[in-house]
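Inspection log for the structure reproduced underneath, given as structure tokens.
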Amino acid sequence: MEDLETVKFQPVIFADYSPGEAIRKAVGISRQDVLFELKESKIKGRGGAGFPTATKWMLTAAAKADKKYVVCNADEGEPGTFKDRFLLLEHPELVFDGMVVGGITVGAQKGFVYLRAEYEYMLKSLEDYLQQMKKDNLLGENILQSKYNFDIEIRLGSGAYVCGEETALIESLEGHRGEARNRPPYPVNTGFMGFPTTVNNVETFAAVSHIITKGGEWFRNYGTDKSTGIKLFSVSGDCEKPGVYELPWGTTISEILDLAGASNTKAVQVGGASGYCYPKTQFDRKLAYEDAGTGGSIMIFNESRSMLKILKNFMEFFVEESCGQCTPCRIGNAKLLDGIEKLEKGEYTFKYINQLIDLGRSMQVASKCGLGQTSPNSFISILENFREEIFAKSSGGRNVN
Amino acid sequence: MDVLEKNSITEEITGLIEQFGRDRSSLLPVLQGVQRKHQHISDFAQQEIARLLDIHPVEVYSVISFYSFLHSKPKGRNTIRLCKTIICDLLGKNEIEEALERELGIKFGETTNDKNITLEYANCLGMCDQGPALIVNERVYTKVTPQKVIEILNGIN
Amino acid sequence: MLINDESRAPVSQKPNKLELPAEKEGIGSNVTIEINGEKVTVPFGTTILEACKNNNIHIPTLCHHDDLCIAGVCRICVVDVEGMKTLQSSCTFPITAPIKIKTTTPMVRKARRHIIDLMLSEHFGECYSCVRNNNCELQKLAKEYGVDRYNFGHIQKSKYDVDKSSFSVIRDMDKCILCKRCVRTCIDLQEVGVLEAVNRGIDTTISTFLDKPLADVVCINCGQCINRCPTGALHANDPSDKIWEAIDNPTKHVIIQTAPSPRAAICEEFGMEPGTSLTRELNTALRRIGFDKIFDTNFTADLTIMEEGTELILRLYNALVEGNAEVKVPQFTSCSPGWVKYLEHFYPEFIDNLSSAKSPQQMFGALIKTYYAKLQGIDPADIVTVAVMPCSAKKFECERPEMRDSGFKDVDYGLTTRELAQMIREAGIHLPEMPKSDFDDPFGEASGAGLIFGATGGVMEAALRSIIELVTGNKVENVFQNAKIIPVRGFEGIKYVEFPIEGVAEVPAILKPLIPDWKWLEGVTLKVAVAHGTANAKKVMENIKSGGKLSECHFIEFMGCPGGCLGGGGQPIPTNAKIREKRAEAIYAEEEGLTLRKSHENPYVNHIYANFLLDGPCGELSHKLLHTHYTKRGKFID
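See the structure below:
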């Protein structure tokens, strides 16, 4: 692996941190204090869905049960996302410390890291790091001579994008097919093996370690009102400097393009294959939960790229990665892909394409989990924002590139 | 499969179950463990896992068929997985694909005659900043070029 | 409860685990919600689907089934819940707050249409050539939502070969809509575990271990999956064409025997409400179709009681008095072929506990091709025997190689209730309008004890009626009011009952050659159990294996299907607890009206022991014709 381009705006995630610091803090204060800081920070989940982390932890902490679990979602499968890879390789201390703080706060004694199979190469170093934490009494029984016990086990995925959905991840941990569960009940009440479970993104745990040591208010100072703090963006595609960028929420798409040295940009896909594709006219959109929300994936496409080809790649991805349990996602994605193939060949009617867009809207509301609810996003946004290119008679979308 | 072979597989699975726990939640680690050694999970192994975890064989098969990294059919000793998701695709996946197929004389989805290498695609490997990317078993290679493909292949025993 | 009743369903498919308020009327026990603008009050934790149903608002469903754990996968039941970004599946959503629900918004209607559209686009096969035409849930929904064209194309080529390997169950995955009812039936309801979803995404299909033919895996042929399939993807192996052929062939003497459960359920196939037995109307219909003789399976049910009861007495005597360790107790009933195959696969070490008595169907077949053939002077080779059964496993049973003791295939065809109804329709007969008529001689009437074989607990009740009278000499009516042995009746999964034997009589003449006296039974407490559905059977077996309370039983009745035969895999579709209850009521009501209600009092049975089976129950000829043996199949799949 080559060295990574990292752009550190004002170091927050990459701020100074000494390993174990957050744990040292957490064992000395009450659970309420931890939850208070989290609440103050107004941090929302970094995986993309944007659920307030404090609420998630409070609900898990409040649930009555013999056992509870903390799960780190390291099934980073969204195309164009690689910031978790970077965090796990470069800053495992932030992630694991955040998990231990989570365990202490919600009352869990066991944590799992669900590491995607594609990242197996980092398994050894992560396990070594956990061993070191145990030696340093940051993990295991009576952490730092406190009453708290917490252990972390790394479980590998086996190649299924859908396992990034938290309930599918839990199913997978339980030894089942990665098929999302019905919600409610939510994992905070009925999670792993039926016990209350908090599932958070790698980056969320890393952020928690900083919030606990530096305070919620400090974190909240960055970003926008509704999207507080700093976010890691995975920038890739047609630019000079692809890499992980640490930037405040509220940064515009064009600002990122400038930083990454992108030129001649035609489109930016925000949020991965399941996100939206923005044309030039919308490059002033802000990256924030309230505007262009994202788990961090920013993919840049320049004028030479065929939007239809890009869309086809996305839809092929979803057809393969749909778990197949619910009708809208299982068959719907295949129908959208059919439509793209017909567009490629020029064998379509506008009525049919509009019907497909309509179908996509039904998938967004009727699918069982986030996969099917978001997979039509790129289909709808590319067909709407790049209509001229796609329906251009001369090309049929075929001859570009 | 002869009795000795069967016994050794049963022993292996028993060991894995002891390590991870006699519970359905151990299924994936157990399957991964068996596959790491045999590159696939045989009919017999699947039934032994089912028996020892007290679930039905079809449930084991169902799980294996769900995950793209698990196999119930024999594979090569080494698996090369080439990322085919959009960024790697734009950064020259096709050339790498051609180079691999040419050098190995097989198509994607196939295994070399000497059972050494299986070629597969993978979805996004999380290396979009350094594409095109591929993984050989669990080791990752980035910014792969057709030239580098030859080096990578030479590195596989 | 005798045994812990934790369902095996994965957490994802269990209903929401809610802490319900302790008092039904207490604060928080009810929630007032709004459905389509109207306020209704429902108990805390009710699903949206139930709430709507109870308030006469129709929500379409496909993957939902009353007998099964929830799935929430078809998405057809989605509704709008105010404040939620996406639509919610009403079958999975528990009401815990005063929510506002809308069931027919434009978005909801459009989503439902799209879902039907998508299912149809992948549903290969034509309605008019489908066994489920006019009784298909997908077809019904397409009509209901006005989906009358293929908006997203229609699959042009078959994707899957039809699996016809099984004698009982045919699988046509081209028609599957992946509701997973069969999976939940097989894994959770029956705990057989043959079917699961394999692959993922658009390639997902329901399959067996390594996609093997159904006949090669541990399928017990119970057909419960057929009863719950919403489409024609699963159906029974239908022999009716061959039966028509035999009827049309003048050289063939075609005999049909009818079991009690089909008679109590076939009315449903003709538009009637569940719960009416059409036994005698059926006799007339079968004659008009062209069957030469119509016999009542209950006759051999009575015979089964004599054989199996005698076997039980002998077992107990040999085990308890003679101390023969080779003899296995408890004795298990063997009339349910689904249960028998389940035991052969999953508990082969217990096959010696199975009664060697054949099922009533098979006993009848053997008698027809020996005793009856001789009596009537007909070459058994020219006799075709058909059995109308509520059961798909019976089709497998008559194909067992050990079921040829008459020198021929004892029973040629097992016909399900559904298939018989189809034959009757094809003959232009509307069954409910038929005049009543009787069964044919020489087997004539049977006892009520045979009739109640159709409900769970029935075999046990029939056996107990005879054992109590023959052993104690006391009329069973003196022990149980109106001879109804209530403790073994009803749908509880596992029933356990004890009967202390106080005072014994003389051994009746028919058993005298086998047992000198009953003294050894004096003061003994007879312990029996009844289980229905293989999931309950499994609990019983595990309890026995671990030396639990049930290992002390003397006799256990097992039925493969939930509810017993009346809930069998050959019965009319749909099925649910209410329907099964109605069928049981029909059987028990018919039985109470009979004068002859004990197997050992059946004059035709006594006649056959006096004239044909001369060495009595469990005698040499009985053993040859009426008893069988089993195969240790095990679970391993080659």
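Top to bottom, those sequences are chains H, L and U. Okay, so the first sequence: first residue is -14 according to my numbering, each after it adds one. Okay, so the second sequence: first residue is 3 according to my numbering, each after it adds one. Okay, so the third sequence: first residue is 219 according to my numbering, each after it adds one. Just so you know, even glycine gets a beta-carbon here, dropped at the ideal spot from N, CA and C.
Legend entry - Those runs of the alpha helix (DSSP H) which lie wholly inside the segment 808 to 850 of chain U and span at least 4 residues: 821 to 829, 838 to 844
Legend entry - Pick from S157(H), D121(H), K132(H), D323(H) that is closest to L29(L), judged by C-alpha positions: The residue given as residue 29(L) occupies position 27 in the second sequence. Considering only alpha carbons, the answer is S157(H).
Legend entry - Counted within 10 angstroms of its Cβ, other Cβ atoms place G382(H) as buried (16 or more) or exposed: Taking the first residue of the first sequence as 1, we reach residue 382(H) at position 397. Any reading at G382(H) needs caution, since the residue's pLDDT is 43, under 50, leaving its predicted position unreliable; the model's value is listed next. G382(H) is buried by the Cβ-count criterion.
Legend entry - Beta bridge counterpart(s) of I712(U) as assigned by DSSP: Translated into the one-based positions of the third sequence, residue 712(U) becomes position 494. A749(U), per the DSSP bridge assignment.
Legend entry - Within-8 Å CB hit, Y63(L) to chain U: As a first step, residue 63(L) must be located in the second sequence, where it is residue number 61. So yes, Y63(L) belongs to the interface.
Inset, instruction - Return the chain-ordered list of same chain residues with a C-beta closer than 8 Å to the C-beta of N439(U), the five sequence neighbours on each side being excluded. - result: By 1-based counting over the third sequence, the position of residue 439(U) is 221. Cβ within range, chain order: S384, F385, S386, V387, P555, G556, K559, S610, A611, K613, F614, G787.
Legend entry - chain U contact residues for P59(L), given Cβ-Cβ distances below 7 Å: The residue you call residue 59(L) lines up with position 57 of the second sequence. The answer, in chain order, is F427, I855.
Inset, instruction - State the Cα-Cα distance for the pair K318(U) and A39(H), rounded to the nearest angstrom. - result: The residue given as residue 318(U) occupies position 100 in the third sequence. The residue given as residue 39(H) occupies position 54 in the first sequence. Spanning the two alpha carbons is a distance of roughly 27 Å.
Inset, instruction - Using alpha carbons as the reference points, say which of N249(H), G13(H), R70(H), P361(H) lies closest to V86(H). - result: What you label residue 86(H) is simply residue 101 of the first sequence in a count that begins at 1. Of N249(H), G13(H), R70(H), P361(H), the residue nearest in Cα terms is G13(H).
Inset, instruction - Could you check what DSSP says for V629(U) in three-state terms: helix, strand or coil? - result: In the third sequence, the residue the question calls residue 629(U) occupies position 411. Looking at V629(U) - three-state DSSP - the assignment turns out to be coil, as it is neither helix nor strand.
Legend entry - Beta carbon proximity, F68(L) to chain U, threshold 8 Å: Translated into the one-based positions of the second sequence, residue 68(L) becomes position 66. Judged by the 8 Å Cβ criterion, F68(L) is in contact with chain U.
Legend entry - Proximity of E340(U) and I373(U) at Cβ, strictly below 8 Å: Position 122 of the third sequence, counted from the first residue, corresponds to residue 340(U). Position 155 of the third sequence, counted from the first residue, corresponds to residue 373(U). Closer than 8 Å, so yes.
Inset, instruction - Count the C-beta pairs between the segment 802 to 818 of chain U and the segment 627 to 636 of chain U that are closer than 8 Å, then say yes if the count reaches three, no if not. - result: no
Legend entry - contact_flag[the segment 364 to 374 of chain H, the segment 288 to 296 of chain H] where n(CB pairs < 8 Å) is 3 or more: yes
Legend entry - C-alpha gap between R38(L) and L413(U), whole angstroms: Your numbering for residue 38(L) matches position 36 in the second sequence. Your numbering for residue 413(U) matches position 195 in the third sequence. Distance between the alpha carbons of R38(L) and L413(U): 27 Å.
Inset, instruction - Flag Q34(L) as yes if its beta-carbon sits less than 8 Å from any beta-carbon of chain H, otherwise no. - result: Within the second sequence, the letter at position 32 stands for residue 34(L). It does: the Cβ of Q34(L) has a partner Cβ on chain H nearer than 8 Å.
Inset, instruction - Taking only beta-carbon positions, decide if Y230(H) is within less than 8 Å of chain L. - result: Here residue 230(H) refers to the residue found at position 245 when the first sequence is read from its first residue. No, its Cβ sits nowhere closer than 8 Å to a Cβ of chain L.
Inset, instruction - Ignore the nearest five residues each way along the sequence and tell me which others in A277(H)'s own chain have a CB closer than 6 Å to its CB. - result: Within the first sequence, numbered from 1, the residue matching residue 277(H) stands at position 292. Only V255, R270 meet the Cβ criterion.
Inset, instruction - Please confirm whether any heavy atom of the ligand ZN lies closer than 7 Å to the CB of Y333(H). - result: Ligands are entirely absent from the displayed structure, and the ligand ZN is therefore not among its contents.
Legend entry - Residues near H42(L) by beta carbon distance below 8 Å, same chain, minus five either side: Here residue 42(L) corresponds to residue number 40 of the second sequence, with the count starting at 1. Excluding positions up to five away in sequence, the list reads H73, S74, K75, P76, K77.
Inset, instruction - State the Cα-Cα distance for the pair I283(H) and D223(H), rounded to the nearest angstrom. - result: The count along the first sequence starts at 1 and reaches residue 283(H) at position 298. The count along the first sequence starts at 1 and reaches residue 223(H) at position 238. Cα-Cα distance, rounded: 11 Å.
Inset, instruction - Using three-state DSSP, classify D91(L) as helix, strand or coil. - result: What you label residue 91(L) is simply residue 89 of the second sequence in a count that begins at 1. D91(L) falls in the helix class under three-state DSSP.
Inset, instruction - Could you tell me if M621(U) is buried or exposed, where buried requires 16 or more neighbouring beta carbons within 10 angstroms of its beta carbon? - result: Counted from its first residue, the third sequence places residue 621(U) at position 403. Label assigned to M621(U): buried.
Legend entry - Per-residue DSSP class, three states only, for R622(U): If you number the third sequence from 1, residue 622(U) lands on position 404. If DSSP states are grouped into helix, strand and coil, R622(U) belongs with coil.
Inset, instruction - Would you kindly check if the distance between the Cβ of M3(L) and the Cβ of F67(H) is under 8 Å? - result: By one-based count along the first sequence, residue 67(H) stands at place 82. By one-based count along the second sequence, residue 3(L) stands at place 1. Contact: no.
Legend entry - C-alpha distance - T265(U) paired with D335(U), whole-angstrom precision: If you number the third sequence from 1, residue 265(U) lands on position 47. If you number the third sequence from 1, residue 335(U) lands on position 117. Those two C-alpha atoms are separated by around 26 Å.
Inset, instruction - Since I believe K29(H) is in contact with Y54(H) (beta carbons under 8 Å), could you give me their beta-carbon distance rounded to a whole number of angstroms? - result: The residue given as residue 54(H) occupies position 69 in the first sequence. The residue given as residue 29(H) occupies position 44 in the first sequence. Actually they are not in contact, since the Cβ atoms of Y54(H) and K29(H) sit about 21 Å apart, beyond 8 Å.
Legend entry - Proximal residues to P457(U) (C-beta, below 6 Å), its chain only, five neighbours per side dropped: One-based indexing of the third sequence puts residue 457(U) at position 239. Y631.
Inset, instruction - Output the boundary residues of the alpha helix (DSSP H) element that contains M300(H). - result: Along the first sequence, one-based indexing puts residue 300(H) at 315. Counting along the chain, the alpha helix (DSSP H) containing M300(H) begins and ends at 292 to 306.
Legend entry - Counted within 10 angstroms of its Cβ, other Cβ atoms place K576(U) as buried (16 or more) or exposed: Position 358 of the third sequence, counted from the first residue, corresponds to residue 576(U). So K576(U) counts as buried.
Inset, instruction - Measure the Cβ-Cβ separation of R815(U) and A723(U) and say whether it is below 8 Å. - result: For this step, residue 815(U) is matched to residue 597 along the third sequence. For this step, residue 723(U) is matched to residue 505 along the third sequence. No, these two residues do not count as a Cβ contact at 8 Å.
Inset, instruction - Would you verify that the beta carbon of I405(U) is, or is not, closer than 8 Å to some beta carbon of chain L? - result: In the third sequence, residue 405(U) corresponds to position 187, counting from 1. Answer yes: the Cβ-Cβ gap between I405(U) and chain L drops below 8 Å somewhere.
Legend entry - is_contact[L532(U), chain L] using C-beta, thresh 8 Å: Stepping through the third sequence from its first residue, residue 532(U) is reached at position 314. Not closer than 8 Å to any Cβ of chain L, the Cβ of L532(U) fails to qualify, so no.
Inset, instruction - Return helix, strand or coil for P77(H), following the three-state DSSP convention. - result: One-based indexing of the first sequence puts residue 77(H) at position 92. Helix at P77(H).
Legend entry - the segment 251 to 265 of chain H contacting the segment 327 to 341 of chain H, beta-carbon criterion three pairs below 8 Å: no
Inset, instruction - Spell out whether any CB of chain H is found under 8 Å from the CB atom of A415(U). - result: Counting from one through the third sequence, the residue named residue 415(U) turns up at place 197. Yes, because at least one Cβ of chain H sits closer than 8 Å to the Cβ of A415(U).
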